[in-house]
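Enquirer: Quick one: structure below, then a few questions.
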Amino acid sequence: MAFRKDFLWGAAASSYQIEGAVNEDGRGVSVWDTFSKKKGTTYEGATGEVACDHYHRYQEDVALMKALGLHAYRFSIAWPRILPDGAGAVNERGLDFYSRLVDELLAAGIQPFATLFHWDMPQALEDQGGWRHPESPNWFAAYTAAVVKKLSDRVKFWMPHNEPQCFIGMGHADAAHAPGLKLPWKDVLLAGHHALIAHGKSVQAIRAHAKQPAQVGYAPVGVVAYPSDPKNPHDVAAAQWGTFAVREKNQWNSGWWMDPVFLGTYPDDGLHVYGADVPKFTDADMKTIAEPLDWFGVNIYQGRPVRIGAAGTPEIAPFPPGYPHTTMRWPVTPEALYWGPRFYAERYKLPVYVTENGMANCDWLSADGKVHDPQRIQFLNGYIAALQRAAADGVDVRGYFQWSIMDNYEWAEGYRERFGLVFVDYETQRRIPKDSYYWYQNVIKRNGI
Ligand code: IFM
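Structural data, given as structure tokens:
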């Protein structure tokens, strides 16, 4: 058996995507409330106002997690529930919700993994400039402290940010996500730099206030390249390069968002490609960003094949016509879960947790009252087997979180894309475990494929 005996089998979700109850118990407005209400921003004009109503149904949801056999559940905390105006007075009722959730998880024998920022920035802070504001790292540190003081007697595992590539790039350059901006690249990178400093200050706040030794990580997008021919060492080297390279003026790379956090420097190719748009930064900034972490977390859904080209330089290889893809149009590339963890562990030398992996599928309720999702089973089988191979080859993989425990609000895609192991009928809020739920239950029981 390749996975360690104490391997953590998990599943994940995030606050705005499942909670609903946006006007309850003193919660303030988030950028996603504002953005999703603007015409034309989301599929069918969907918002997270009700979502999966998890705020009221968390006990039923934790019962499903327990029956699944989960060891760990990764959730996020909504900043505007804790500090409705983003800063200032703490809203105890908001904290109480997460306190109840954590108690419920622990009673079910499930280890809570808490993410502090999964994109729901308080609107009041966005109105002052959000991540563009130089004070934003201090706002985030104060919010972190409030949460950690309340929950750290029971929560050991923490992540400040989820996927800065998305909330910075898709939110500030592409206008595809909240806050819906299309800024010059220079301003996007400045917001990104503040978000990275905020990450470091949040780590400091966790360490300063934790009531038990904290295990702190990170959950960026893993932009993975894998070798076209894994037996060709030149292709392997090309893929390793491709996994970290900053090749274009966009956010889709690993190096810019990971190297500062784990190595304390922005990568040279990024400094070159982003050029004059790179914000002015100091040694003190970089030291803060690189506050030591306990583990390397990464969200991996897909990869690109890379090979050494005729000219001797790495090139992205094309996918064959009609290649398998999910309903998000993301290619199905299980290799990403072998090579990604391997390349990341080699470069950053920390234990690896896959903090998200999964697929959107066209799932519906069948006439037999069940939800059959053979594609998801096939997908997960391939990806988890690849991760298992990485573990067998010596990569220190400690845990895996399936995205997502249940269907939920897929941001600009609204409710069109279903990622869950549990089907949610949004009209009745009925939960129906899919075939993949029972398959994953068995994987957990056997500690692997
Ligand atoms: O739903 C998202 C999640 O919020 C962040 N990672 C990717 C998932 C699927 O798109």
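Residues in the sequence shown are numbered from 114 upward in steps of one, following our numbering.
Note that CB positions come from ideal geometry on N, CA and C, so glycine has one too.
Assuming the contact rule is C-beta atoms closer than 8 Å, valine 175 and glutamate 217 should be a hit. Round their C-beta distance to whole Å, please.
Expert: The Cβ separation is near 5 Å, so the contact holds.
Enquirer: Please find out if some non-hydrogen atom of ligand 1 comes closer than 8 Å to the beta-carbon of valine 336.
Expert: no
Enquirer: Any chance you could list the alpha helix (DSSP H) runs of at least 4 consecutive residues sitting entirely within the segment 137-202, in chain order?
Expert: 144-150, 167-181, 192-195
Enquirer: Counting along the chain, where does the alpha helix (DSSP H) carrying tyrosine 461 start and finish?
Expert: From DSSP, the alpha helix (DSSP H) with tyrosine 461 extends over 449-461.
Enquirer: Which residue from Gly199, Gly153, Pro197, Ser128 puts its Cα closest to that of cysteine 165?
Expert: Ser128
Enquirer: Does the beta-carbon distance from alanine 304 to isoleucine 319 come in below 9 Å?
Expert: no
Enquirer: Exposed or buried, what is leucine 384 when buried is set at 16 or more other beta-carbons lying within 10 Å of its beta-carbon?
Expert: exposed
Enquirer: Tryptophan 244 lies in the alpha helix (DSSP H); which residues open and close that run?
Expert: Neither: tryptophan 244 is in no alpha helix (DSSP H) and is coded neither H nor E.
Enquirer: Pick helix, strand or coil for tyrosine 551, following the three-state DSSP scheme.
Expert: Residue state, collapsed to three classes: helix.
Enquirer: At the level of alpha carbons, what is the spacing between tyrosine 496 and alanine 191?
Expert: 30 Å
Enquirer: May I ask whether a heavy atom of ligand 1 can be found less than 8 Å away from the beta carbon of glutamate 137?
Expert: Not so, every heavy atom of ligand 1 lies at least 8 Å from the Cβ.
Enquirer: Ignoring anything shorter than 3 residues, give me the beta strand (DSSP E) runs that lie fully in the segment 391-435, in order along the chain.
Expert: 409-412, 416-421, 427-429
Enquirer: How far does the beta strand (DSSP E) with isoleucine 545 in it extend, from its first residue to its last?
Expert: 543-546
Enquirer: May I ask whether a heavy atom of ligand 3 can be found less than 8 Å away from the beta carbon of serine 143?
Expert: In the structure on display, ligand 3 does not appear, and the ligands it does have are ligand 1.
Enquirer: What does the alpha-carbon distance come out to for the pair asparagine 204 and isoleucine 195?
Expert: 5 Å
Enquirer: Is the distance from the Cβ of aspartate 481 to the Cβ of phenylalanine 536 below 9 Å?
Expert: no
Enquirer: By DSSP, does glutamine 229 sit in helix, in strand, or in coil?
Expert: The amino acid at residue 229 is misidentified as glutamine; the sequence shows leucine. In this structure, leucine 229 counts as strand in the three-state DSSP scheme.
Enquirer: Measuring from the CB of tryptophan 370, is there a heavy atom of ligand 1 at a distance below 8 Å?
Expert: Tryptophan 370 has its CB no nearer than 8 Å to any heavy atom of ligand 1.
Enquirer: Quick test of your reading: histidine 274 and phenylalanine 230, contact by CB under 8 Å. State the CB separation rounded to the nearest angstrom.
Expert: 5 Å
Enquirer: Determine, using beta carbons only, whether glycine 182 and phenylalanine 270 come nearer to each other than 9 Å.
Expert: Going by C-beta atoms, glycine 182 is not nearer than 9 Å to phenylalanine 270.
Enquirer: Any contact of the segment 355-362 with the segment 376-383, i.e. 3+ C-beta pairs under 8 Å?
Expert: Contact between the segment 355-362 and the segment 376-383 is present, with at least three C-beta pairs closer than 8 Å.
Enquirer: Please state the DSSP three-state secondary structure of leucine 121.
Expert: strand
Enquirer: Once DSSP output is grouped into helix, strand and coil, what is the label at valine 505?
Expert: Reading the sequence as shown, one finds alanine at residue 505 and not valine. Three-state DSSP puts alanine 505 in a helix.
Enquirer: With H, G and I counted as helix, E and B as strand and the rest as coil, what does DSSP make of histidine 274?
Expert: DSSP, read as helix, strand or coil, puts histidine 274 in strand.
Enquirer: With DSSP as the reference, identify every bridge partner of asparagine 474, one or two as the case may be.
Expert: Asparagine 474 is bridged by DSSP to Arg531.
Enquirer: Quick one: grab the DSSP three-state call for threonine 563.
Expert: In the structure as shown, the chain begins at 114 and stops at 562. Residue 563 is therefore absent and cannot be evaluated.
Enquirer: Assign lysine 585 to one of two classes, buried (16 or more other C-beta atoms within 10 Å of its C-beta) or exposed (fewer than that).
Expert: The question about residue 585 has no answer, for the chain in this structure spans 114 to 562.
Enquirer: Classify arginine 543: buried if its beta carbon has 16 or more other beta carbons within 10 angstroms, exposed otherwise.
Expert: exposed
Enquirer: Take leucine 463 as the anchor and find which of Leu406, Asp209, Glu523, Arg417 has the nearest alpha-carbon.
Expert: Leu406
Enquirer: Is any non-hydrogen atom of ligand 1 found closer than 8 Å to the C-beta of methionine 441, if you look at the structure I gave you?
Expert: yes
Enquirer: Just the C-alpha distance for threonine 356 and histidine 322, rounded to the nearest angstrom, thanks.
Expert: Near 35 Å, if we compare the C-alpha coordinates of histidine 322 and threonine 356.
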